[in-house]
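Student: In my numbering, the protein residues as written are 244 to 450.
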């Protein structure tokens with residue numbers, strides 16, 4: 244009976260540690276999102292490329308989620324980024340009406356990343372997916388997030404803004420741009436996180 248009590252106490256202790264770490268990493272993800280939203284809302288790059296803001300805010304949010312391992316990190320980062328951008332007059336969130344889609348995009352990424360990481364039990368090492376499969380899966384998911392942001396732009400009163408590049412414009416041009424920047428954000432963020440994690444594991448002597 245005493246052994247069972249000790250096991251139960253250890254399980255409760257591990258559970259409280261994991262919960263407290265999740266809360267800390269949730270705060271980190273939200274903070275990164277706020278910084279990204281401030282940057283996007285305050286800096287006007289005027290690149291003339293539709294969807295480039297997706298790359299600017301989504302990349303750091305995904306990096307924070309992958310490194311912090313908070314199960315709701317991308318959702319928190321995406322929403323905090325959108326709210327910070329709105330507070331500064333940025334329009335990448337599409338106004339209040341666009342916030343649900345931004346939150347939905349974060350939920351999709353969290354679900355995919357959580358499935359890649361696998362379940363984590365108390366006191367055990369979290370499963371690591373192969374980098375060659377993790378990076379493209381996150382990239383493709385981020386591409387769909389970029390397309391969700393494109394749909395969000397269609398819902399705002401202004402509709403699709405007129406962008407030109409080499410004389411090319413129109414619906415499909417903007418569609419491709421949003422997909423490209425979403426894909427790029429996922430690939431770059433996943434690559435950065437994988438390289439950092441790999442270096443950290445090598446230092447700790449974990450293969």
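From the three backbone atoms N, C-alpha and C, an ideal C-beta is built for every residue, glycine too.
Remember, predicted model here, so these are calculated numbers, not experimental data.
Closest by CA to residue 426, which one among 414, 286, 318, 381?
Tutor: Here residue 426 is taken as the residue at index 183 of the chain shown, counted from 1. Ranking 414, 286, 318, 381 by Cα distance to residue 426 puts 381 first.
Student: Please look up how many angstroms separate the CB atoms of residue 269 and residue 307, rounded, as I've assumed it's under 8 angstroms.
Tutor: Mapped onto the chain shown, residue 269 falls at position 26. Mapped onto the chain shown, residue 307 falls at position 64. Going by Cβ atoms, the distance from residue 269 to residue 307 rounds to 10 angstroms, so no, they are not a contact pair.
Student: With distances taken Cα to Cα, identify the nearest neighbour of residue 293 among 394, 420, 435.
Tutor: The count along the chain shown starts at 1 and reaches residue 293 at position 50. Closest by alpha carbon: 420.
Student: Beta-carbon within less than 6 angstroms of residue 424's beta-carbon, same chain only, minus the 5 sequence neighbours each way: which residues are those?
Tutor: In the chain shown, counting from the first residue as 1, residue 424 sits at position 181. Excluding sequence neighbours, residue 424 sits near 294, 295, 297, 298, 389.
Student: Going by DSSP in three states, residue 314 sits in which element: helix, strand or coil?
Tutor: Reading the chain shown from its first residue, position 71 is the one you call residue 314. Shown here, residue 314 sits in coil according to DSSP, grouped into three states, outside any helix or strand.
Student: Can the beta-carbon of residue 429 be found less than 9 angstroms from the beta-carbon of residue 384?
Tutor: Residue mapping note: residue 429 aligns to position 186 of the chain shown, counting from 1. Residue mapping note: residue 384 aligns to position 141 of the chain shown, counting from 1. Cβ distance < 9 angstroms, so residue 429 and residue 384 count as in contact.
Student: Which class does residue 287 belong to by DSSP, given the choice of helix, strand or coil?
Tutor: Along the chain shown, read from residue 1 onward, the residue named residue 287 stands at position 44. In the structure shown, residue 287 sits in coil (DSSP, three-state: anything other than H, G, I, E or B).
Student: Evaluate residue 263 with the Cβ neighbour count: other Cβ atoms within 10 Å of its Cβ, from every protein chain shown; 16 or more gives buried, anything less gives exposed.
Tutor: As a working note, residue 263 is residue 20 in the chain shown. The residue in question, residue 263, is exposed, as its Cβ has fewer than 16 Cβ neighbours within 10 Å.
Student: Comparing C-alpha positions only, which one of 438, 350, 331 sits nearest to residue 375?
Tutor: Taking the first residue of the chain shown as position 1, residue 375 is located at position 132. It is 438.
Student: Within a Cβ cutoff of 6 angstroms, which residues of the same chain sit near residue 309, ignoring the five residues on either side of it in sequence?
Tutor: The residue you call residue 309 lines up with position 66 of the chain shown. Same-chain partners within the cutoff: 436.
Student: Output yes or no for whether 9 angstroms exceeds the beta carbon distance between residue 417 and residue 442.
Tutor: Here residue 417 is taken as the residue at index 174 of the chain shown, counted from 1. Here residue 442 is taken as the residue at index 199 of the chain shown, counted from 1. It is not a contact, given that the beta carbons lie outside the stated cut-off.
Student: Using alpha carbons as the reference points, say which of 281, 287, 285 lies closest to residue 304.
Tutor: Along the chain shown, one-based indexing puts residue 304 at 61. The shortest Cα separation from residue 304 among 281, 287, 285 belongs to 281.
Student: Count the other C-beta atoms from every protein chain shown that fall within 10 angstroms of the C-beta of residue 332, then say buried if there are 16 or more, exposed otherwise.
Tutor: In the chain shown, residue 332 corresponds to position 89, counting from 1. The residue is exposed, with fewer than 16 neighbouring Cβ atoms inside 10 Å.
Student: Would you mind reading off the limits of the alpha helix (DSSP H) that contains residue 343?
Tutor: The sequence position of residue 343 within the chain shown is 100, counting from 1. In the DSSP annotation of this structure, the continuous segment of the alpha helix (DSSP H) that includes residue 343 starts and ends at 342-360.
Student: Which value, in whole angstroms, describes the spacing of the CA atoms of residue 401 and residue 340?
Tutor: Your numbering for residue 401 matches position 158 in the chain shown. Your numbering for residue 340 matches position 97 in the chain shown. Because residue 401 carries a pLDDT of 48, less than 50, the predicted location of this residue cannot be relied on, and the following value inherits that uncertainty. Taking the straight line from one Cα to the other gives about 13 angstroms.
Student: Please report the straight-line C-alpha distance between residue 266 and residue 393, rounded to a whole angstrom.
Tutor: Mapped onto the chain shown, residue 266 falls at position 23. Mapped onto the chain shown, residue 393 falls at position 150. When rounded, the distance between both Cα atoms is 31 angstroms.
Student: Quick one: residues in its chain with C-beta nearer than 7 angstroms to the C-beta of residue 318, no 5 flanking neighbours on either side, listed in chain order?
Tutor: In the chain shown, the residue the question calls residue 318 occupies position 75. The residues are 346, 349, 350, 353.
Student: If you follow the alpha helix (DSSP H) that residue 445 is part of, which residue opens it and which one closes it?
Tutor: What you label residue 445 is simply residue 202 of the chain shown in a count that begins at 1. Where residue 445 is concerned, the enclosing alpha helix (DSSP H) stretches over 414-446.
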